[in-house]
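Peer 1:
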Amino acid sequence: MPADVLPLDRARCLLVAGRACRRARRRREAREALEAAVTEFTALGAVAFAERAQAELARIGRRAPTATALTATEERVARLAAGGRTNRAIADELFISPKTVEANLARVYRKLGISTRAELGAAMGRPAPR
Numbered sequence: 818m819p820a821d822v823l824p825l826d827r828a829r830c831l832l833v834a835g836r837a838c839r840r841a842r843r844r845r846e847a848r849e850a851l852e853a854a855v856t857e858f859t860a861l862g863a864v865a866f867a868e869r870a871q872a873e874l875a876r877i878g879r880r881a882p883t884a885t886a887l888t889a890t891e892e893r894v895a896r897l898a899a900g901g902r903t904n905r906a907i908a909d910e911l912f913i914s915p916k917t918v919e920a921n922l923a924r925v926y927r928k929l930g931i932s933t934r935a936e937l938g939a940a941m942g943r944p945a946p947r
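Yeah, the sequence shown ends on 947 if you go by the working numbering, and it's all consecutive.
Following this line, the structure appears as C-alpha cells:
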C-alpha cells in the first residue's frame, strides 16, 4: 500500500480485505488482514472499527477451538447472554449471583477475543438478538 495512505484508510482497507478473504474461505489471509486491522484501529482509538474487525475474526474459526477453551459454566452463561438474556435472568436460571454472571462473561470475552456483548452472538455461532 502506498505510504501516503492515511492510517485509518489503511486499516479500513485491511478490514475490507479480511472480510473478502473470509467470504472466499481464505482463512489464513483473512486472519492476517483482520488482526492487522484490529491492531491499527486500536492504535488509532477507532473502537467501533476495531469491534467490527474482531467480529469478523470471530467468524473465521475462533468458535471451534474456543468451544473447548470455555468451561461448562462459561459456555452456558455465554449461550444465554448471546440469546438475549439479561445478567439477572441468567443468574436466576443458573442459580448463581449476577456478579458470578459478570465474572463468567468477562472471562468469555477475554477467551473469545471480543469486548462487547453484541459480538458474543457471532462468536458463539448465532446472530445477535435484535
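Built from N, CA and C at the ideal position, the CB exists for glycine as well.
1. Assuming the contact rule is C-beta atoms closer than 8 Å, Gly-765 and Ala-886 should be a hit. Round their C-beta distance to whole Å, please.
2. Using the Cα positions of Met-941 and Glu-892, report the straight-line distance between them to the nearest angstrom.
3. Under 8 Å, with one C-beta from each stretch per pair, do the segment 894-908 and the segment 851-862 reach the 3-pair mark?
4. Are there three or more Cβ pairs, one per stretch, closer than 8 Å when the segment 902-922 is compared with the segment 831-847?
5. Would you kindly check if the distance between the Cβ of Gly-835 and the Cβ of Glu-868 is under 8 Å?
6. Distance check for Arg-876 and Val-822, CA to CA, integer angstroms please.
7. I need the DSSP call for Arg-842, collapsed to helix, strand or coil.
8. Which residue wins for smallest C-alpha separation from Pro-824, given the options Cys-838, Phe-866 and Ala-847?
9. What three-state label does DSSP hand Ile-877 in the structure shown?
10. So within the segment 848-874, which uninterrupted alpha helix (DSSP H) runs reach at least 4 residues, ignoring any that extend past its ends?
11. Output yes or no for whether 8 Å exceeds the beta carbon distance between Val-894 and Gln-871.
Peer 2: The relevant details are as follows:
1. The requested residue 765 is not part of the displayed model; the chain covers only 818 to 947.
2. 9 Å
3. no
4. no
5. no
6. 28 Å
7. coil
8. Phe-866
9. helix
10. 864-874
11. no
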